[in-house]
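As numbered in numbering that gives the first Met the number 0, residues 0 to 150 make up the sequence shown, in order. Glycine residues also receive a C-beta, built at the ideal position from the N, C-alpha and C atoms.
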Amino acid sequence: MELNELINVVIVSALPISELRGGIPLALYYGIPPLQAYLICVLANALPVPFLLLFLEKIGKLMDKWGPTSKIYRYFIERSEKKRDIIDRYGYAGLAIFVSIPLPVTGAWTGSLLAFILGLKTIKSFSFIFIGILIAGLVVSFASLGIFSLF
């Protein structure tokens, strides 16, 4: 494994659009062994979560004050609000379930945004988001390796 490949995998896994859905297949493509790919991508995906949970309020206030970013911020807040049913129903376990589903507009970033919007406790939210990341990593790994098919 070359350093630039590792950096690519970490960046793709940490980005809000791709997360594990992009990072694990990329790592496997680069020839990184499956267990190592899983561990690297899960840790990279979890890396931004504490910062998001701690600073989303401040970031949101800044974004909401400036015209162009205000629209983007409001868009993501509204989309996240629509996803709150599972957390309203199952609490923190619902947060883990939500994050564990490897589909677009689910994952660690949206889970962090939901935890912020719903005023959930930071440490407890991180714990359940991390559980969701672990599960999503397994699902994506198994699907990428052909162990099972998602569709």
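Taking all protein chains shown into account, decide if residue i is buried (16 or more other Cβ within 10 angstroms of its Cβ) or exposed.
i	result
Ser140	buried
Trp65	exposed
Leu25	buried
Tyr74	exposed
Ser148	exposed
Ile16	exposed
Gly145	exposed
If residue i and residue j are in contact, beta carbons under 8 Å, what's the gap, nearest whole angstrom?
i	j	result
Val8	Gly22	6 Å
Ala92	Ala43	Rounded, the Cβ-Cβ distance is 24 Å, inconsistent with contact.
Gly110	Leu94	6 Å
Ala135	Leu19	5 Å
Asp63	Tyr72	5 Å
Leu5	Ser143	About 18 Å separates the two Cβ atoms, so there is no contact after all.
Next on the checklist: Three or more C-beta pairs under 8 Å: does that hold for the stretch 95-102 against the stretch 120-135?
Outcome noted: yes
Checklist entry - At what residue ranges does the stretch 59-119 contain a whole run of the alpha helix (DSSP H), taking only runs of 4 or more? => result 66-80, 84-89, 91-99, 107-116
Next on the checklist: Between the stretch 74-81 and the stretch 102-122, can you find at least three pairs of beta-carbon atoms closer than 8 Å?
Outcome noted: Yes, since at least three Cβ pairs between the stretch 102-122 and the stretch 74-81 fall closer than 8 Å, the two stretches touch.
Checklist entry - Any chance the stretch 112-125 sits against the stretch 33-40, with 3 or more Cβ pairs inside 8 Å? => result no
Next on the checklist: Which runs of the beta strand (DSSP E) at least 3 residues long sit entirely within the stretch 7-58? Give them in chain order.
Outcome noted: none
Next on the checklist: Would the stretch 46-65 count as touching the stretch 109-118 if we require 3 or more Cβ pairs under 8 Å?
Outcome noted: yes
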